[in-house]
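Some notes on the structure that comes next.
Chains as they are written, first to last, in the numbering used here: chain A, 512 to 885; chain B, 209 to 526.
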């Protein structure tokens, strides 16, 4: 009676007795969440800046102060020598070097263009790009306001310079905090890694120990075996997903605007996709090691191309087409949409459709391969 | 005819170009212990897998425990036990857990198998280790545990594939004690073994060669059927002796067994003449004595006979 329940019970004994599996299932997701939540941030903050002040005037000092007061930059000791900047960039002490020339004050006074040297360590192109833009803004605005003030006091400027006032208004992730972006991503990532890895081990482990042969001579039916092997992983993944969800909201204070029901439903579809894919890997592998390496081989590009780290829109166009083949891509769009934008079926249906199609295809392929290889 | 536990007719299995089983016929009566013996690659394991319903043959049919293997594999599976060649229990489960898992998979009603388990644990001397993980048992104990798991649902027929390979002599003896007891409980046993002393204990032996059963009979009858005499030859170098003997008439077969050559000769052969042949070939330390036919000799003779028959028929075709 209900033989697959016995298989499930046995799988949980395995899980309990295997310290590696236990770590993979419980500790790893939490560590990953904290790691990605805190460390993998794109926010530009406290970028170290070295300044050489060749002018030592009131104006140059005012400019330096503005850099210092900015939320994005952190002024390390000012340099005494222009060559000092190069040295500090090289050693990594500073990411940006600013050189203010000797005639800075004079040019501001005269209203002629003043040149400021800006040196950037471009090693980390992402951060340095953003930091450069911020720095340019500070320097331009600082210098411009000084010139305008000077012109006013001299009476050269009678009316206000033409200007456009732009008021940025950010939607969905108001703080522009990358935690809001990363944590829902981690939710998808962990579901992927956990279920593909565990699903990948499911059948091949029994094949390796020889117990699969033993199972085949029992009256256990194929669907009972499959259900018995996959349900435990689905349960574990669901538990993990719940923990991550609670941590995301309770600890990281990620905004959650959408429907929880929709999130759960789509997470289940994603789960079916991953378990089917894992089953496929497990069925085609000869050893557990081979299964794990294969799983890893698919997970890596999945993560890189899914838009987890880098926006898909920034990728070269051919690569963007490749991302359509990656189920995680759709799931991330769904998860982020539900979390941050409160998006529903009306907006997300194309992604949901794609994900469901992948889930059906992968699961069917997994079962077909399994039946064939018995 | 209901007294046949296994009845196979014309079983054939091909793996690509390789024919593993070629038109095999096999009858096993209820309550027999039948030994399937033969060289590696003779098709013993493949035959067992077909009879257990996990491998579909390319041709032929088989009835096991009263049900057609091809038409009702599930009914067959519920009535048999199979112990594959490779140890196949869960290493991280305890002795009791492994047994309970198998009992559950066979849907043995809870509460009805515990007595059988305790009985088997007692006979195999494993009761002390009931709560130990399988991985911590010695090889022999693991194999005995595997046997218990195979028997826990009281199968009508059990198939054991080299169950004692790599098992220490004491465990082997325990193992066979259990097997001997099975026919008394109405259980039929089909077992493969590379050990001739074990084969000699079977009620019947089916000798397999190249996917066919060449002979099946009781060990005594098989030994009696051999017409050749056996000479045991010790000398060095063996290779020289072997080459010399192969060319000599009245010699039907030469096999190496450790430091001896076992030479099958026809009834009219003259040991003195054979001694002369070997001395002329230049071997040293020569010692020749006559020996009773063993099961090995029977199988060698059968295999050689089969080989020459095939050669003849091939020559006839050409």
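From the three backbone atoms N, C-alpha and C, an ideal C-beta is built for every residue, glycine too.
Computed from a predicted model, the values in this text were never measured in an experiment.
Going along the stretch 518 to 532 of chain A in order, which residues come within less than 7 Å of chain B, judged by CB to CB distance? Among the residues of the stretch 518 to 532 of chain A, those with a Cβ less than 7 Å away from any Cβ of chain B are 521, 524, 525, 528, 529, in the order of the chain.
Under three-state DSSP, which class holds residue 728 (chain A)? Coil, per DSSP.
Identify the contact partners of residue 724 (chain A) in chain B, using a Cβ-Cβ distance below 7 Å as the criterion. Within chain B, 292, 296 have C-beta atoms less than 7 Å from the C-beta of residue 724 (chain A), given in sequence order.
Between residue 568 (chain A) and the rest of its own chain, which residues show a CB-CB distance below 8 Å, the 5 nearest in sequence each way excluded? Contacts found: 615, 616.
CB-CB under 6 Å to residue 653 (chain A), same chain, minus the five flanking residues each way: which ones, in chain order? Result list for residue 653 (chain A): 574, 577, in chain order.
For residue 603 (chain A) and residue 734 (chain A), the rounded distance between their alpha carbons: Their backbone Cα atoms lie some 59 Å apart in a straight line.
From B:409, B:436, B:437, pick the residue whose C-alpha is nearest to that of residue 428 (chain B); which is it? Comparing Cα-Cα distances from residue 428 (chain B) to each of B:409, B:436, B:437, the minimum goes to B:409.
What three-state label does DSSP hand residue 270 (chain B) in the structure shown? Strand, per DSSP.
Contact defined as beta carbons within less than 8 Å: I believe residue 439 (chain B) pairs with residue 479 (chain B). What is the distance between those atoms, to the nearest angstrom? Indeed, because the Cβ distance is near 6 Å, the residues count as touching under 8 Å.
Measure the C-alpha to C-alpha separation of residue 741 (chain A) and residue 324 (chain B) and round it to an integer number of angstroms. One C-alpha to the other measures close to 32 Å.
Exposure label - residue 657 (chain A); buried when at least 16 CB within 10 Å: By the neighbour-count rule (16 or more Cβ atoms within 10 Å), residue 657 (chain A) is buried.
Kindly confirm or deny that the stretch 784 to 797 of chain A and the stretch 864 to 879 of chain A touch, where touching means at least three C-beta pairs closer than 8 Å. Cβ pair count under 8 Å is three or more, so yes.
Buried or exposed for residue 856 (chain A), going by 16 or more other Cβ atoms inside 10 Å? Residue environment analysis places residue 856 (chain A) among the exposed positions, since fewer than 16 neighbouring C-beta atoms fall within 10 angstroms of its C-beta.
Looking at C-alpha atoms only, which residue of A:612, A:737, A:621, A:799 is the closest neighbour of residue 665 (chain A)? Minimum Cα distance to residue 665 (chain A) is reached at A:621.
Pick helix, strand or coil for residue 529 (chain A), following the three-state DSSP scheme. Note: residue 529 (chain A) maps to coil in three-state DSSP.
Residues of chain A with a CB under 7 Å from the CB of residue 478 (chain B): which are they? Simply none; closest approach about 53 Å.
Segments assigned beta strand (DSSP E), at least 3 residues, entirely inside the stretch 432 to 483 of chain B: Listed in chain order, they are 437 to 444, 459 to 465, 468 to 473.
Return the residues of the stretch 303 to 334 of chain B that lie within a Cβ-Cβ distance of less than 8 Å from chain A, sorted by chain order. Taking 8 Å as the Cβ-Cβ cut-off against chain A, the residues of the stretch 303 to 334 of chain B that qualify are 305, 309, 310, 312, 313, 314, 315.
Report, in whole angstroms, the separation of the C-beta atoms of residue 611 (chain A) and residue 640 (chain A), which I expect to be a contact under 8 Å. About 23 Å separates the two Cβ atoms, so there is no contact after all.
Comparing the C-beta of residue 555 (chain A) with each C-beta of chain B, is any distance below 8 Å? Not an interface residue.
So residue 459 (chain B) contacts chain A; which residues on that side make the cut at Cβ distance below 9 Å? By Cβ distance, chain A contributes nothing, its closest Cβ being about 44 Å from residue 459 (chain B), past 9 Å.
Look at the Cβ atom of residue 473 (chain B), then the Cβ atom of residue 436 (chain B), and state whether they are nearer than 8 Å. Their beta carbons are under 8 Å apart, which means residue 473 (chain B) touches residue 436 (chain B) by this criterion.
Which whole-angstrom value describes the C-beta separation of residue 230 (chain B) and residue 419 (chain B), a residue pair presumed to lie in contact below a C-beta threshold of 8 Å? Taking a contact as a CB-CB distance under 8 Å, the pair residue 230 (chain B) and residue 419 (chain B) counts as one, their CB atoms being some 4 Å apart.
Option in A:541, A:738, A:703, A:525 with minimal Cα separation from residue 887 (chain A): Chain A is shown from 512 up to 885; residue 887 (chain A) falls before or after that span and cannot be answered.
Under a Cβ-count criterion, where at least 16 other Cβ atoms within 10 Å of its own Cβ denotes burial, should residue 555 (chain A) be classed as buried or exposed? A buried status is given to residue 555 (chain A), since no fewer than 16 other beta-carbon atoms sit within 10 Å of its beta-carbon.
Give every residue of the same chain whose Cβ lies closer than 8 Å to the Cβ of residue 595 (chain A), excluding the five residues on either side of it in the sequence, and list them in chain order. Hits under 8 Å: 561, 563.
So residue 869 (chain A) is in the alpha helix (DSSP H); what residue range does that whole segment cover? Counting along the chain, the alpha helix (DSSP H) containing residue 869 (chain A) begins and ends at 856 to 884.
Return the Cβ separation of residue 383 (chain B) and residue 402 (chain B) in integer angstroms, given the expectation that the two are a contact with Cβ distance under 8 Å. Going by Cβ atoms, the distance from residue 383 (chain B) to residue 402 (chain B) rounds to 14 Å, so no, they are not a contact pair.
Cα-Cα separation, residue 655 (chain A) to residue 629 (chain A): Annotation: residue 655 (chain A) to residue 629 (chain A) spans about 17 Å, alpha carbon to alpha carbon.
Rounded straight-line distance, which links the Cα of residue 406 (chain B) to that of residue 514 (chain B): Their backbone Cα atoms lie some 24 Å apart in a straight line.
Where the alpha helix (DSSP H) containing residue 593 (chain A) begins and where it ends: Taken as a continuous stretch (DSSP letters only), the alpha helix (DSSP H) holding residue 593 (chain A) covers 593 to 602.
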